[in-house]
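Keeping their order, the protein sequence lines are chains A and B. Using the working numbering, you'd call the opening residue of the first sequence number 1 and step up by one each time. Using the working numbering, you'd call the opening residue of the second sequence number 1 and step up by one each time. We put the CB at the ideal spot given by N, CA and C, even for glycine. Below you'll find the structure, written out as structure tokens, and then a few comments.
Number of protein chains: 2
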Amino acid sequence: MKYIGACLLLLGSLAGAAQTRDESSIRQIFDEALRNGESYAMLDYLCNKVGHRLSGSPGAAAAVEWGRHVMQDYGFDNVYLQPVMVPHWVRGQKEMGRIVNSRKMGTVEVNVCALGGSIGTGPSGISAPVIEVRSFDELKQLGEKNVKGKIVFFNRAMDPTRINTFTGYGGAVDQRGSGASEAAKYGAVGALVRSMGSNLEDYPHTGGLRYAPNVPQIPALAISTRHAELLSKLLKDDSGLQFYMESHCEILPDAPSYNVIGEIKGSEHPEEIIVVSGHLDSWDLGQGAHDDGAGCVQAIEVLRLFKAMGYKPKRTVRAVLFMNEENGLRGGTEYARQALAKKEKHLAAMESDRGGFTPRGFTLSMDDAKKTKVRSWKPLLEPYGLADFSQEGGGADIGPLAPQGVPLLGYLPDSQRYFNYHHTAEDTFDKVDKRELEMGAAAMAAMVYLLDQYGL
Amino acid sequence: MKYIGACLLLLGSLAGAAQTRDESSIRQIFDEALRNGESYAMLDYLCNKVGHRLSGSPGAAAAVEWGRHVMQDYGFDNVYLQPVMVPHWVRGQKEMGRIVNSRKMGTVEVNVCALGGSIGTGPSGISAPVIEVRSFDELKQLGEKNVKGKIVFFNRAMDPTRINTFTGYGGAVDQRGSGASEAAKYGAVGALVRSMGSNLEDYPHTGGLRYAPNVPQIPALAISTRHAELLSKLLKDDSGLQFYMESHCEILPDAPSYNVIGEIKGSEHPEEIIVVSGHLDSWDLGQGAHDDGAGCVQAIEVLRLFKAMGYKPKRTVRAVLFMNEENGLRGGTEYARQALAKKEKHLAAMESDRGGFTPRGFTLSMDDAKKTKVRSWKPLLEPYGLADFSQEGGGADIGPLAPQGVPLLGYLPDSQRYFNYHHTAEDTFDKVDKRELEMGAAAMAAMVYLLDQYGL
Numbered sequence: 001m002k003y004i005g006a007c008l009l010l011l012g013s014l015a016g017a018a019q020t021r022d023e024s025s026i027r028q029i030f031d032e033a034l035r036n037g038e039s040y041a042m043l044d045y046l047c048n049k050v051g052h053r054l055s056g057s058p059g060a061a062a063a064v065e066w067g068r069h070v071m072q073d074y075g076f077d078n079v080y081l082q083p084v085m086v087p088h089w090v091r092g093q094k095e096m097g098r099i100v101n102s103r104k105m106g107t108v109e110v111n112v113c114a115l116g117g118s119i120g121t122g123p124s125g126i127s128a129p130v131i132e133v134r135s136f137d138e139l140k141q142l143g144e145k146n147v148k149g150k151i152v153f154f155n156r157a158m159d160p161t162r163i164n165t166f167t168g169y170g171g172a173v174d175q176r177g178s179g180a181s182e183a184a185k186y187g188a189v190g191a192l193v194r195s196m197g198s199n200l201e202d203y204p205h206t207g208g209l210r211y212a213p214n215v216p217q218i219p220a221l222a223i224s225t226r227h228a229e230l231l232s233k234l235l236k237d238d239s240g241l242q243f244y245m246e247s248h249c250e251i252l253p254d255a256p257s258y259n260v261i262g263e264i265k266g267s268e269h270p271e272e273i274i275v276v277s278g279h280l281d282s283w284d285l286g287q288g289a290h291d292d293g294a295g296c297v298q299a300i301e302v303l304r305l306f307k308a309m310g311y312k313p314k315r316t317v318r319a320v321l322f323m324n325e326e327n328g329l330r331g332g333t334e335y336a337r338q339a340l341a342k343k344e345k346h347l348a349a350m351e352s353d354r355g356g357f358t359p360r361g362f363t364l365s366m367d368d369a370k371k372t373k374v375r376s377w378k379p380l381l382e383p384y385g386l387a388d389f390s391q392e393g394g395g396a397d398i399g400p401l402a403p404q405g406v407p408l409l410g411y412l413p414d415s416q417r418y419f420n421y422h423h424t425a426e427d428t429f430d431k432v433d434k435r436e437l438e439m440g441a442a443a444m445a446a447m448v449y450l451l452d453q454y455g456l
Numbered sequence: 001m002k003y004i005g006a007c008l009l010l011l012g013s014l015a016g017a018a019q020t021r022d023e024s025s026i027r028q029i030f031d032e033a034l035r036n037g038e039s040y041a042m043l044d045y046l047c048n049k050v051g052h053r054l055s056g057s058p059g060a061a062a063a064v065e066w067g068r069h070v071m072q073d074y075g076f077d078n079v080y081l082q083p084v085m086v087p088h089w090v091r092g093q094k095e096m097g098r099i100v101n102s103r104k105m106g107t108v109e110v111n112v113c114a115l116g117g118s119i120g121t122g123p124s125g126i127s128a129p130v131i132e133v134r135s136f137d138e139l140k141q142l143g144e145k146n147v148k149g150k151i152v153f154f155n156r157a158m159d160p161t162r163i164n165t166f167t168g169y170g171g172a173v174d175q176r177g178s179g180a181s182e183a184a185k186y187g188a189v190g191a192l193v194r195s196m197g198s199n200l201e202d203y204p205h206t207g208g209l210r211y212a213p214n215v216p217q218i219p220a221l222a223i224s225t226r227h228a229e230l231l232s233k234l235l236k237d238d239s240g241l242q243f244y245m246e247s248h249c250e251i252l253p254d255a256p257s258y259n260v261i262g263e264i265k266g267s268e269h270p271e272e273i274i275v276v277s278g279h280l281d282s283w284d285l286g287q288g289a290h291d292d293g294a295g296c297v298q299a300i301e302v303l304r305l306f307k308a309m310g311y312k313p314k315r316t317v318r319a320v321l322f323m324n325e326e327n328g329l330r331g332g333t334e335y336a337r338q339a340l341a342k343k344e345k346h347l348a349a350m351e352s353d354r355g356g357f358t359p360r361g362f363t364l365s366m367d368d369a370k371k372t373k374v375r376s377w378k379p380l381l382e383p384y385g386l387a388d389f390s391q392e393g394g395g396a397d398i399g400p401l402a403p404q405g406v407p408l409l410g411y412l413p414d415s416q417r418y419f420n421y422h423h424t425a426e427d428t429f430d431k432v433d434k435r436e437l438e439m440g441a442a443a444m445a446a447m448v449y450l451l452d453q454y455g456l
């Protein structure tokens, strides 16, 4: 009994010592990030010198070089590019949208932008009557006789009462992704989609659409939420009004690009890999500051923080800047393909792709035993505002690793402001707060530290 | 046994029903705030039409009328003004600060503003050598022989590693509040205080100072954090450099003003009062958007939300827009004096004075039994991001109610961005996010609802 008691005491004090060491390491991570963090300066360069970086664009090529140079300059162990072919869509000259000859207001210019991947109308544009719907069911019930030859206006708003704005987004984004093809099934000539924004705003939100196979491809535009409300109001009085849309987008042949990868080699288990990531491509409006410049600089910063504080991870910690999340997921797909081909052992993969906002927690996509283990670390993370470990999720780019059984984590910042900026000309560096961004990097580093110490 | 069992079952199902009713009421509060909230529109008016509103200024008078009208228009039961005399300090024409003849950079204009309550230098200004200190201890050790005839430069930064930025503020703000008099004790002719900001910025932060009795009053300016760094650097090479400061502030006789009060009378216990509040005055730079227009519109919105959803509180819910938090606390003091004189029974008082940011929780200042009761409501509030009930605190304006035994609560939003704007020209309406602001009002209404239902 005495021996067992002594053992328990010893185990207890060992556990206590580990707890104290972890507390102190995590404190050190946040101290370094808040005193000397470099995420914000990196993001400044990426946004203000490189700018936006849609797959296949010169900006994307410049961003690849930027990422490689930054990680080389920090002296990471192994910095390399992983080639991948990406879709190459170009917007062309600025789009036009116009409510024509409405009874109450005459002709009104409205704020629109083409959806990514959409074909263009060409210089002659399209003029047609508008039919407003809130769902695909409503569209189906209207059927060909009411839809044919018209522009379908998808006007279901994001539900503002969802506290998690991503849930509101999830409840509306089918209109953007599939609306054009759904409308085309019934003979529509164009699609106009209410922007995915949390508020009434003047600017449109772009984002990807997917044309269904064997359905005619029709041009699709997003319209600002405020102009969606206006159009809806004018349609109530005047269901026969015409809408003019003009866009000049083109789909070019696939272009070569790269995932950008840098590592710190593990000191004990170099073959076990912990991925920390964001996506390097962005839409071609704004600067891709929150989406997802923030995630890229945070991923790099995790490794920089470890080096700055002299922490040598046991496992290999790998920063991945994925290419082409927005309109193809080619980078994430290729990364997973190579991981499988090379039989790489991924302990876990984390992505930051919800903006550079104040920390709230992590989403988890893994089995229950592993979730329980991650949640047992909550007391270490809660002092930094990381209290939410309840949501399911990882990240789009790391998703293709899931079939290989890789546990996935998503960094979870506060979501209230994200859809003010997402996919718009407003997603610029000045919308990012330095402390919020640096704390996000520290939060990710703290989680990677715990994964490295204790595995899963 | 059977009887007791049935009783327990009944009690259990009653508690369950109450739980469900509370969940549904709180859901209704947030739904109304997020669909139809009016905090943001109120704040737009207060910031963009009324503008800043320092005690005794025309803006403050306009804000009083604005508050009264808004609450009358909402049809609150009892809207009235509570007279109070307030200090009347005016800044006068724009201040100047200049590093003169530094060895490396010659003469450099720096960004400064007078601290509230400071005397002015007058048009001839003050030119003197500078001595930099980080603490009152350091100042004391330097003593009269090193300080006399000089400008004391207080350059202790807010500790950036504090996750709660208010703790960082608390660790530095003595320099602003007492620096001038501490310096004057040793014969200084002026005080220059590093701005209370979280980051390196170009603009100065004002804020109140208090002159100690029986010490000569000397002029005091805040200097932007970036220029504080510059001055410190230049002083290292050139300890003899001169600084020129010029300010034109004046202290005028006390002026009449008002707290603005509106109520919904309680249906069962009208004599029991729950206060929900913010402060109506602001500094004279910017628009007082986060500090504390946000708190005022949220306090009004709590009552509006109850009316909009048809909730008739059992107790009287009273919105108070306090006057003169920033430089005197006369409104809060007068309110507490009258509460005592009228023998009003305050069940609790809540203030929102930490900006209109995303909800985190509530600070509590009350005995342990009451804290336990409030914390038992956490499961009802956590789905809305309100998870932090651990910090002590109420609010400056409701503080004078504490000696009467009134339990105090402070609305606790996220603190990361607050000290980017606090007391600066940057504290403008465009820095406030609609969803964050409306959710704050809903959070406060949810807490008031629970206080009203269950008392303390």
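Residue-level contact to chain A via CB, residue i, 9 Å cutoff
i              : result
residue 379(B) : no
residue 30(B)  : yes
residue 387(B) : yes
residue 450(B) : no
residue 259(B) : no
residue 121(B) : no
residue 446(B) : no
residue 34(B)  : yes
residue 1(B)   : Here the model assigns residue 1(B) a pLDDT of 48, short of 50, so the residue's position is not dependable, and the following value carries that caveat. Closer than 9 Å: no.
residue 160(B) : yes
residue 165(B) : yes
Beta carbon proximity, residue i to chain B, threshold 9 Å
i              : result
residue 384(A) : yes
residue 217(A) : no
residue 420(A) : yes
Pairwise C-alpha distance: residue j and residue i
i              : j              : result
residue 332(B) : residue 326(A) : 53 Å
residue 191(A) : residue 150(A) : 9 Å
residue 254(A) : residue 89(A)  : 9 Å
residue 408(B) : residue 276(B) : 10 Å
residue 140(B) : residue 134(B) : 11 Å
residue 109(A) : residue 231(A) : 11 Å
residue 105(B) : residue 132(B) : 18 Å
residue 416(B) : residue 163(B) : 8 Å
residue 243(A) : residue 155(A) : 15 Å
residue 234(B) : residue 111(B) : 16 Å
residue 371(A) : residue 422(B) : 40 Å
Contact list for residue i against chain A, beta-carbon separation under 8 Å
i              : result
residue 416(B) : 358, 433, 435, 436, 439
residue 347(B) : Residues of chain A passing the Cβ test: none, with the nearest at roughly 28 Å.
Contact test: residue i Cβ vs the ligand PLP heavy atom, cutoff 8 Å
i              : result
residue 311(B) : Because no ligand of any kind appears in the structure shown, any question about the ligand PLP cannot be addressed here.
Chain-ordered neighbours of residue i on chain B, where CB pairs are closer than 8 Å
i              : result
residue 199(A) : 434, 435
Residue i: contacting residues in chain A (beta-carbon distance under 7 Å)
i             : result
residue 26(B) : Here the premise fails: no neighbours, minimum Cβ distance about 11 Å.
Cβ separation of residue i and residue j, assumed to be a contact under 8 Å, to the nearest whole Å
i              : j              : result
residue 458(A) : residue 245(A) : Outside the shown range of chain A, which is 1 to 456, sits residue 458(A), and nothing can be said about it.
Three or more beta-carbon pairs under 8 Å between the segment 69-88 of chain A and the segment 98-105 of chain A, yes or no? no
Is there contact between the segment 374-386 of chain B and the segment 305-313 of chain B, where contact requires at least three CB pairs shorter than 8 Å? no
Does the segment 114-131 of chain A come close enough to the segment 359-373 of chain A that 3 or more CB-CB pairs lie under 8 Å? no
Would you call the segment 208-215 of chain B and the segment 240-257 of chain B touching, i.e. three or more CB-CB distances under 8 Å? no
Should the segment 398-408 of chain A be regarded as contacting the segment 336-351 of chain A, the criterion being three or more beta carbon pairs within less than 8 Å? yes
Counting beta carbon pairs with one atom in the segment 430-438 of chain B and one in the segment 30-41 of chain B, are three or more of them shorter than 8 Å? yes
Pair every Cβ in the segment 418-431 of chain A with every Cβ in the segment 17-29 of chain A, then say whether three or more of these pairs are closer than 8 Å. no
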